[in-house]
Structure formats: C-alpha cells, structure tokens
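If you're matching positions, the first sequence starts at 1 in our numbering and goes up one per residue.
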Amino acid sequence: MNRYRSHHCGELRASDVGTEVHISGWVHVSRDHGGLLFIDLRDHHGITQCVLTPGQGDFANFQKPSSESVLTVHGEVVHRSPETVNGKLPTGEVEIQARSIEVQAVAGPLPLPVAGEPDYPEETRLRYRYLDLRREKLHANVVLRSKVVARMRELMTEQGFLEIHTPILTRTSPEGARDYVVPSRLYPGRFYALPQAPQVFKQLLMAGGFDRYFQIAPCFRDEESRADRSPGEFYQLDIEMAFVEQQDVFDAVGPVIERIFGDFSEKPVSPYPFRQIPYAESMLRYGNDKPDLRNPIEISDASAIFAGADFTVFKKAIADGAVVRAVPAPGAASKARRFFDTLVKEAQDEGSQGLAYLSFAEEQPKGPVAKHLSAEAIADLRKLAGIGVGDALFFVCAEETEACRLAAWLRTRLGEGLELIDAHRFEFCWIVDYPMFDRADDGSIEFSHNPFSMPQGGLDSLDNQPPFEILAHQYDLVCNGVELSSGAIRNHRPEIMARAFALAGYDGERFESEFGGMLEAFRLGTPPHGGIAPGVDRIVMLIADEPNIREVIAFPLSQRAEDLMLGAPAELDEGRLRELHLQIKKPRTRKPD
RNA sequence: GCGGCGGUAGUUCAACUGGUUAGAGCACCGGCCUGUCACGCCGGAAGUUGCGGGUUCAAAUCCCGUCCGCCGCGCCA
C-alpha cells in the first residue's frame with residue numbers, strides 16, 4: 001500500500017463509507033470551530049473534507065495547519081448528514097473522520113492565495129508560478145494543453161507521420177528573427193544558435209527519405225512579445241511531407257485542426273474544408289492577412305469614387321498616391337454623436353490623419369463629408385459597401401499599406417463596438433497566394449515570407465514576371481483573427497533557389513556560404529516537398545478562450561523575456577566567461593541588480 | 001527603440017485639490033467557538049509609498065531620471 005495515499009482527493013464517494021483510508025494533499029481551506037476543525041484537502045484530482053476533533057486522542061496538541069501545508073490524513077470515510085452535504089464537490093456526500101495526521105510540509109505566509117481570488121497581478125503570478133499552477137484555472141489549462149498535444153500526436157501518427165527530433169544547438173540563420181545564441185567553449189569566437197524553427201532540418205529529413213515528418217517542436221526567437229506571442233520560446237506542431245502539392249498539405253493538417261478544436265471546445269467549428277482567401281483579397285476586404293471572419297464587416301476600395309468627387313482632401317491625397325478604403329458600420333446610424341467623435345479621436349491616436357464618415361439615419365446622409373459628395377457619388381458608395389438606412393460608412397485615406405492597417409483597426413473596433421462578433425464559434429480560413437517578394441524600406445527586393453518557398457510558375461516567373469507580382473506557394477491558417485500557422489511548398493530546385501536569392505540581392509558567393517549545407521542536399525536529390533507548422537500555444541489559447549498566451553504556458557517568461565521565478569537570464573562569473581572566451585561590455589545605462 | 005496604463009503592509013487595493021498618526025479585505029500571530037465548506041466573533045503584529053534626484057513650510061500625491069509588470073506600435077523570413 002502506498003505510504004501517502006490509498007485514494008486521491010477527488011475519489012471518495014458514498015460507496016466508500018466505512019473504509020479506512022489515508023489521503024494526502026494541500027490544505028485548501030481550513031475552518032476552525034474550536035471543538036471541531038474542518039480541513040479541505042486538495043490534490044490534482046479534487047478536494048475532500050476532513051473532520052478533526054482536536055483535544056481528543058491524537059489531536060491533543062494539534063494546531064490548525066496553515067493554508068497550503070501538505071498533510072497526510074488517516075481516517076474513516078463517513079456519510080455527511082443530509083443538511084451538510086456539499087453539492088459543489090463530487091466528494092461532497094462524504095468526509096473523512098480523521099484519526100491521525102502527518103504533516104509532510106509546512107507552508108509559510110502565501111504571496112499568492114491558492115483558494116479563491118482569481119485575479120492577481122501577473123508579476124506576482126510569474127514569480128510564484130508553482131503557486132499559480134496549483135490554482136484551478138491555470139492548472140486546468142496545463143491539463144488541457146497536455147491533452148491537446150497528446151491528441152495531436154495521435155492524429156498525426158494515425159496518418160503515417162513519424163515524430164523525429166531535430167537539434168536544439170544549431171547554426172545561426174541569416175533570415176528571419178533575431179537568434180538566441182550559445183557560445184562555444186571548444187571553438188573560441190564561434191556560436192551555436194537555438195532554432196527559430198526546425199525549418200532546415202525538416203526539409204533535410206525529406207532529403208533523408210522520410211515521407212512524412214512531424215514534431216512538437218520548440219522554437220526560439222529573440223523578439224518582442226505580444227499578448228498572443230510568447231516571449232523567447234514557443235511550440236509548433238511542425239509538419240513536412242514529401243511529394244505533395246498545397247492541397248495535400250491542407251488535407252493532411254486541416255482535419256487535424258478541425259478535430260482538435262471540435263474535441264476540446266464546446267464552440268462550433270467551421271467545417272473542413274476551410275475557405276481559401278488569396279492574400280491580396282484579404283488585404284483589401286479585411287485589411288490584413290489574418291481576418292477574423294466572425295466579424296461581418298467587409299472593407300472595400302472607394303478610391304475611384306473619391307477620385308471623381310469634390311472632396312478635395314481625399315481627391316488631392318489620391319492624386320498623390322493614397323487610397324480610400326470604405327468601412328461599413330451596420331446599424332451605427334442610431335448611435336449618439338459621441339460614438340462618432342470617440343472613434344475619430346481613437347483613429348487619430350491610431351495614427352490616422354482623420355476619419356471621415358457618412359451616417360444614414362435616413363436616406364439623406366449626415367456627417368462631415370456629406371456636403372462634399374454628389375447624390376450620385378453617395379449612391380455609388382452605398383452600393384459599393386452595401387449600406388442601407390440605419391447604417392454608417394467610414395472612410396480612411398492613406399498610402400495603401402497604412403490604409404489597410406487603419407481599415408483593419410476600424411473593422412475590428414466597429415465589430416467590437418457594435419457587438420457584431422459572435423465570440424462563440426471558431427472561423428477558420430486559409431490565406432493563400434502570398435507574394436514572393438516585398439519592397440524593403442530602401443526600395444530593394446526582399447523575401448516577403450519564407451525564402452525557401454517555391455515561387456508560383458517556378459523559374460519562368462522569376463525570369464519573366466515583375467518581381468513584386470510573383471506569388472509563392474505560401475499559405476497561412478487563420479482562426480478568429482489569430483495567425484495559427486504558416487507553411488509552404490518548398491523550393492527544392494537549386495537553380496530556382498539561386499535565381500530567387502539573386503533577385504533578393506544575394507550574390508552567388510554569399511548564397512553558397514550561408515545555405516551551402518542545404519544546397520548540397522538539393523544537389524543530391526531532394527524530393528518535392530512542403531509543410532506547415534501550427535502554433536501549439538495559440539491553438540490551446542483559443543480553445544481555452546484565454547486572451548493571453550502565457551495563460552497556457554506552465555512557465556512563461558515575462559514580457560521582457562525574463563524568468564521572474566528563477567532569475568534568468570543570469571550573469572556568469574569570470575571563470576566561466578573565460579572558459580567561453582567572452583568579455584562583457586555593458587551599455588552605459590545598466591540595470592541595478 | 002516609441003507610446004499608454006500600473007508599482008503603497010506578505011498580498012490585493014484605498015488614501016479627494018499637495019496638508020493631522022498612510023487605511024481596509026485576505027494571509028499571518030494570539031484568544032473564543034461542535035457542522036462549517038470563501039465559517040463566524042474579538043484582539044495583535046505588519047510600511048524605505050519600486051529606486052534616485054528636484055520643487056515646497058509640507059510629497060504616496062507635482063516635476064525629471066531610472067527600474068519592474070502589462071497592453072499596443074516598430075520588430076516577428
């Protein structure tokens with residue numbers, strides 16, 4: 001028999017009455033009635049009430065235990081009298097009449113209460129993460145995450161995917177985010193890098209003849225965090241497949257995602273196959289490449305109408321290269337003037353020059369631009385944006401990228417403000433046909449996403465199409481406005497890759513030196529292949545309905561990538577620095593210790 | 001790197017326009033209580049108001065700098 005427990009704390013029922021048991025757990029709450037002491041004992045599985053009669057037998061000198069102390073209680077399972085049954089607990093019909101108690105660990109004053117009081121500042125929660133993990137919500141999230149990951153493995157393995165580990169100590173990658181680096185002791189001045197993703201290795205596994213690879217892979221990026229972006233490190237369900245086209249990847253991973261969300265959430269999930277939206281269309285209609293399709297508002301381009309209208313502010317801007325985007329606000333015409341004023345103010349805070357609108361409380365619109373527009377222009381705008389009486393229509397005017405951003409912000413803001421977003425469903429879509437290249441700040445050509453993506457049309461497009469019009473076999477999976485996943489059909493042809501990198505400004509020598517290892521593989525027979533990498537943290541975050549990704553990570557770093565519990569990153573002493581051939585030069589403003 | 005919000009007892013929060021001894025809940029310590037389940041009642045201890053500087057007769061409060069936490073922008077192939 002186990003020394004610490006015969007049952008766990010969520011196990012005992014009326015059918016156990018009369019048995020001698022011993023259970024162990026934390027003191028969740030205790031209630032001292034003088035002649036009678038109740039202790040709610042809690043473990044991973046649940047809570048069981050224990051009753052002590054101090055002053056009798058073993059309890060002659062027993063003190064009320066402090067909250068979160070760890071006890072082993074020995075005693076008999078007894079019925080509670082009908083009026084004292086606790087319907088809130090699965091174990092609420094019984095209690096343990098304690099005969100003796102062993103104190104396994106005494107807990108001092110708590111910086112973070114485990115029972116009750118759910119909202120606590122995150123600084124405290126991060127510093128005492130193990131206490132937070134005992135609490136109901138975070139504990140449940142970690143359990144959920146474990147189940148989701150287990151199901152992912154099951155569903156991938158069923159489809160013939162092999163889970164293969166790839167290195168954590170690897171080579172720095174020239175593209176992408178900043179790397180975390182690890183100094184080498186054996187090779188002075190040289191560094192490993194932690195992988196931003198197992199990108200190169202998974203492609204090399206395809207070169208290695210494995211047909212279908214997956215991994216729950218840690219990814220390390222030294223970038224600023226966000227509410228939905230974990231600081232420092234995160235996990236991907238990394239996937240790669242040989243001899244596939246885009247649709248094959250979709251059909252392998254889409255049903256897995258649909259199943260995971262369906263199995264672990266009550267909310268309805270948009271059924272597979274998911275909608276496919278070309279990147280250019282998404283930028284126009286939703287203002288970004290991660291549309292929240294629960295929001296019914298769709299943006300349209302009103303540049304042509306305003307180019308011919310008498311509203312000089314817009315007309316002049318359009319002549320200078322700006323665009324006008326129209327964002328409908330269904331039902332907003334009945335809103336008070338204050339609603340519109342607030343939005344104008346917020347838009348300015350968001351970086352907009354201003355915010356024009358028409359409000360159709362009746363057929364004849366009101367609003368700052370109404371008097372500048374002909375009846376015909378107004379009719380055209382209404383038709384364009386699908387505006388009826390009772391609606392309003394907002395306009396943002398800016399250079400195209402900025403106009404998209406502002407329109408996207410406005411679309412979200414209106415969707416929330418007008419309560420148009422149904423929070424109780426998951427809407428998935430694929431964003432497809434990403435551009436291969438982007439214009440850098442200095443006007444030069446750079447890869448817009450993954451440089452290893454296959455350009456649509458192959459070598460022919462690279463040679464004959466204007467670079468910024470070339471599309472890639474590159475795709476994202478989006479859910480409720482969250483980018484869940486990014487992937488591509490890869491470029492496995494060295495000559496096409498050389499041409500693509502040449503367009504992006506890499507000379508042959510640099511190309512060979514930075515990607516030599518991979519190129520060599522491609523010159524020795526690598527199959528056509530492609531893959532994708534859904535973000536595990538974000539998936540669990542959506543399923544758990546958490547607004548913040550740290551709520552689904554057992555031990556997250558703070559926003560500034562610091563471990564507040566253990567104190568990482570930490571300084572090294574001189575000896576270890578010497579061993580690593582490192583000298584520290586601190587910036588002028590240094591943090592106090 | 002930039003902008004916003006916050007930092008007061010172990011902890012969560014309060015303290016009006018700068019003005020008496022910086023208060024309350026939880027936790028902790030002591031006492032009372034035999035059916036509670038966020039038990040209740042009485043009492044106690046607990047403070048470098050993040051840190052540094054400044055303005056003032058007087059600073060938790062105003063100003064400057066700095067550190068920490070969170071949100072957003074830049075960044076994230």
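In this text, a Cβ means the ideal position worked out from N, Cα and C, and glycines have one as well.
message: Could you check whether V396 and A403 sit closer than 7 Å to each other, using their CB atoms as the reference points?
response: Stepping through the first sequence from its first residue, residue 403 is reached at position 403. Stepping through the first sequence from its first residue, residue 396 is reached at position 396. Yes, they are a contact pair.
query: Are the beta-carbon atoms of F468 and H492 separated by less than 7 Å?
result: Position 468 of the first sequence, counted from the start, is the residue given in the question as residue 468. Position 492 of the first sequence, counted from the start, is the residue given in the question as residue 492. Contact annotation: F468 and H492 have beta-carbon atoms that are not nearer than 7 Å.
- request: Return the Cβ separation of R171 and Q196 in integer angstroms, given the expectation that the two are a contact with Cβ distance under 8 Å.
  value: As a first step, residue 171 is located in the first sequence; it is residue number 171 there, counting from the start. As a first step, residue 196 is located in the first sequence; it is residue number 196 there, counting from the start. A Cβ-Cβ separation of about 11 Å leaves R171 out of contact with Q196 under the 8 Å criterion.
query: Using DSSP with H/G/I as helix, E/B as strand and the rest coil, what is R493?
result: By 1-based counting over the first sequence, the position of residue 493 is 493. Looking at R493 - three-state DSSP - the assignment turns out to be coil, as it is neither helix nor strand.
- request: Go ahead and label Y187 buried or exposed: buried means 16 or more other beta carbons lie within 10 angstroms of its beta carbon, across all protein chains shown.
  value: Within the first sequence, numbered from 1, the residue matching residue 187 stands at position 187. It is exposed - the Cβ of Y187 has fewer than 16 other Cβ atoms within 10 Å.
- prompt: What's the gap between the Cα of E574 and the Cα of Q559?
  reply: To locate residue 574, count along the first sequence from 1; it is residue 574. To locate residue 559, count along the first sequence from 1; it is residue 559. If you draw a straight line from the Cα of E574 to the Cα of Q559, it is about 29 Å long.
task: Go ahead and label Q56 buried or exposed: buried means 16 or more other beta carbons lie within 10 angstroms of its beta carbon, across all protein chains shown.
output: Taking the first residue of the first sequence as position 1, residue 56 is located at position 56. Exposed, by the Cβ-count rule.
Cα-Cα separation, A361 to I532: Start at 1 with the first residue of the first sequence, and residue 361 comes out as number 361. Start at 1 with the first residue of the first sequence, and residue 532 comes out as number 532. Near 48 Å, if we compare the C-alpha coordinates of I532 and A361.
field: Collapsed DSSP secondary structure at G508 in the structure displayed
entry: Sequence index remark: in the first sequence, residue 508 carries index 508 (1-based). Reduced to three states, the DSSP call for G508 is helix.
Endpoints, alpha helix (DSSP H) assigned at I378: The residue you call residue 378 lines up with position 378 of the first sequence. Start and end: 375-385.
- prompt: How big is the Cα-Cα spacing for V29 and G481?
  reply: For the purposes of this step, residue 29 is taken as residue 29 along the first sequence, with counting starting at 1. For the purposes of this step, residue 481 is taken as residue 481 along the first sequence, with counting starting at 1. Looking at the two C-alpha atoms, the distance is approximately 41 Å.
- prompt: What three-state label does DSSP hand R127 in the structure shown?
  reply: Sequence index remark: in the first sequence, residue 127 carries index 127 (1-based). In the structure shown, R127 sits in a helix (DSSP, three-state: H, G or I).
Residue range of the beta strand (DSSP E) that includes G675: Because the chain is modelled from 1 through 593, residue 675 falls outside the range shown and cannot be assessed.
message: So if DSSP puts C479 in a beta bridge, which residue, or which two residues, is it bridged to?
response: As a first step, residue 479 is located in the first sequence; it is residue number 479 there, counting from the start. C479 pairs with F428, V482.
Exposure of M152, with buried meaning 16 or more beta-carbon neighbours within 10 Å: Residue 152 sits at position 152 when you count from the first residue of the first sequence. Classification of M152: buried, given that the 10 Å Cβ count is 16 or more.
message: In the DSSP output, what is I532 paired with across the bridge?
response: Residue 532 sits at position 532 when you count from the first residue of the first sequence. Bridge partners of I532: I239, G487.
- prompt: In the structure shown, what three-state DSSP assignment does E571 receive?
  reply: Within the first sequence, residue 571 is the residue found at index 571, counting from 1. It is coil, neither helix nor strand.
message: Here's the rule I'm using: 16 or more other beta-carbon atoms within 10 Å means buried, otherwise exposed. How should R413 be labelled?
response: Numbered from its first residue, the first sequence carries residue 413 at position 413. R413 is buried by the Cβ-count criterion.
query: How is H22 classed by DSSP in three states: helix, strand or coil?
result: Translated into positions along the first sequence, residue 22 becomes position 22. If DSSP states are grouped into helix, strand and coil, H22 belongs with the strands.
Three-state secondary structure assigned by DSSP to V200: Taking the first residue of the first sequence as 1, we reach residue 200 at position 200. DSSP, reduced to helix, strand and coil, places V200 within a helical segment of the structure shown.
- request: In angstroms with no decimal places, state the Cα-to-Cα distance between E102 and T72.
  value: In the first sequence, counting from the first residue as 1, residue 102 sits at position 102. In the first sequence, counting from the first residue as 1, residue 72 sits at position 72. Using only the alpha carbons, I get a separation of about 5 Å.
- prompt: Would the beta-carbon of A544 fall within 7 Å of that of V536?
  reply: Counting from one through the first sequence, the residue named residue 544 turns up at place 544. Counting from one through the first sequence, the residue named residue 536 turns up at place 536. No, the Cβ-Cβ distance between A544 and V536 is not below 7 Å.
Cutoff 8 Å; reference A392; Cβ partners in own chain excluding five residues on either side: Position 392 of the first sequence, counted from the start, is the residue given in the question as residue 392. The answer, listed in chain order, is P328, A329, A332, A333, K335, F340, Y357, L358, S359, F360, G367.
- prompt: Can the beta-carbon of S486 be found less than 7 Å from the beta-carbon of H473?
  reply: Stepping through the first sequence from its first residue, residue 486 is reached at position 486. Stepping through the first sequence from its first residue, residue 473 is reached at position 473. Contact flag unset, no.
- prompt: Where do the ends of the beta strand (DSSP E) carrying G46 lie?
  reply: The count along the first sequence starts at 1 and reaches residue 46 at position 46. Element bounds for G46: 46-52.
query: Candidates L37, E495, D507, R510: which alpha carbon is nearest L524's?
result: To locate residue 524, count along the first sequence from 1; it is residue 524. The option with the nearest alpha carbon to L524 is E495.
message: I'd like to confirm the pairing. Which residues does DSSP put opposite L37 in its beta bridges?
response: Counting from 1 along the first sequence, the entry for residue 37 is found at position 37. Per DSSP, the beta-bridge partners of L37 are D32, L52.
Three-pair Cβ contact test at 8 Å for the segment 10-18 versus the segment 38-47: Taking 8 Å as the limit for Cβ pairs, the verdict is that the segment 38-47 does touch the segment 10-18.
message: Given this structure, state the Cα-to-Cα distance separating A554 from V313, to the nearest angstrom.
response: Taking the first residue of the first sequence as 1, we reach residue 554 at position 554. Taking the first residue of the first sequence as 1, we reach residue 313 at position 313. If you take the alpha carbons of A554 and V313, they lie about 52 Å apart.
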